[in-house]
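Residue numbers (my numbering): 14 to 224.
The structure under discussion appears below in the form of structure tokens.
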């Protein structure tokens, strides 16, 4: 999970944290409103004869029948969840919540995404879409995201000048520089792996001889 270094703006740190919290609260309210809209559509559909709902949506609401169905799917998902998971669902941006409630989304994927939210991940719309695109039955990367821990590991391994240099490099072009940094890091780790393995074998041999 990405983190922002408030140490770069100490004079505005507290205010920016409050603004981030306000955005999270507003996001929750938007998604809750989407669930409420879905509930209204469900009530209307129950009162209309078969086939009339489409005409009613077109004539009486600003939503297409397809969009109305997405809201209804979200409301039905909300009612299937327990109290805690309902809160996590509402923490998602509305677009992500609507995608998660799609009829083709399997229960395992819903559970995976809710588990990530329980573990403290802040899932963006793009992240949820990527998770939903995984083939059914694909269980890769279903555990908690360790990126934040890895970020702290790198941060503490560098001195102040090195941290500032890396931060400036990644901030200049987050996507392209981020990909290059990760690819370069993988290459360096691959180069280091044989040396580490050789060193480990030497330590084992020493212990065997000493024994």
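Using N, Cα and C, we set each Cβ at its ideal position, and we do this for glycine too.
Hey, how far is the Cα of residue i from the Cα of residue j?
i: residue 129; j: residue 31; result: 23 Å
i: residue 73; j: residue 67; result: 10 Å
i: residue 39; j: residue 168; result: 31 Å
i: residue 25; j: residue 139; result: 28 Å
i: residue 113; j: residue 147; result: 13 Å
i: residue 48; j: residue 134; result: 22 Å
i: residue 43; j: residue 33; result: 15 Å
i: residue 21; j: residue 201; result: 29 Å
i: residue 165; j: residue 75; result: 47 Å
i: residue 132; j: residue 183; result: 26 Å
i: residue 91; j: residue 62; result: 25 Å
i: residue 102; j: residue 110; result: 7 Å
i: residue 37; j: residue 56; result: 29 Å
i: residue 105; j: residue 196; result: 30 Å
i: residue 180; j: residue 93; result: 43 Å
i: residue 141; j: residue 116; result: 15 Å
i: residue 203; j: residue 23; result: 38 Å
i: residue 156; j: residue 121; result: For residue 156, the pLDDT reaches just 49, beneath the cut-off of 50, and the residue's location in the model is therefore unreliable, although a value from the coordinates is still provided. About 13 Å.
For the alpha helix (DSSP H) that contains residue i, what are its first and last residues?
i: residue 76; result: Segment: none, residue 76 is in no alpha helix (DSSP H) and carries neither H nor E.
i: residue 4; result: Lying before the first or after the last residue shown, residue 4 is absent from the chain, which here runs from 14 to 224.
i: residue 140; result: 138-145
i: residue 173; result: 173-185
i: residue 120; result: 120-131
Let me confirm a value: residue i is counted as buried when at least 16 other C-beta atoms fall within 10 Å, else exposed. Which label applies?
i: residue 65; result: exposed
i: residue 54; result: buried
i: residue 81; result: buried
i: residue 95; result: exposed
i: residue 178; result: exposed
i: residue 19; result: exposed
i: residue 17; result: exposed
i: residue 85; result: buried
i: residue 126; result: buried
i: residue 50; result: buried
i: residue 173; result: exposed
i: residue 107; result: buried
i: residue 88; result: buried
i: residue 163; result: exposed
i: residue 136; result: buried
i: residue 171; result: exposed
Where are the alpha helix (DSSP H) runs, 4 residues long or more, that stay fully inside the stretch 78-111, in chain order? Within the stretch 78-111, the complete alpha helix (DSSP H) runs of at least 4 residues are 78-93, 96-103.
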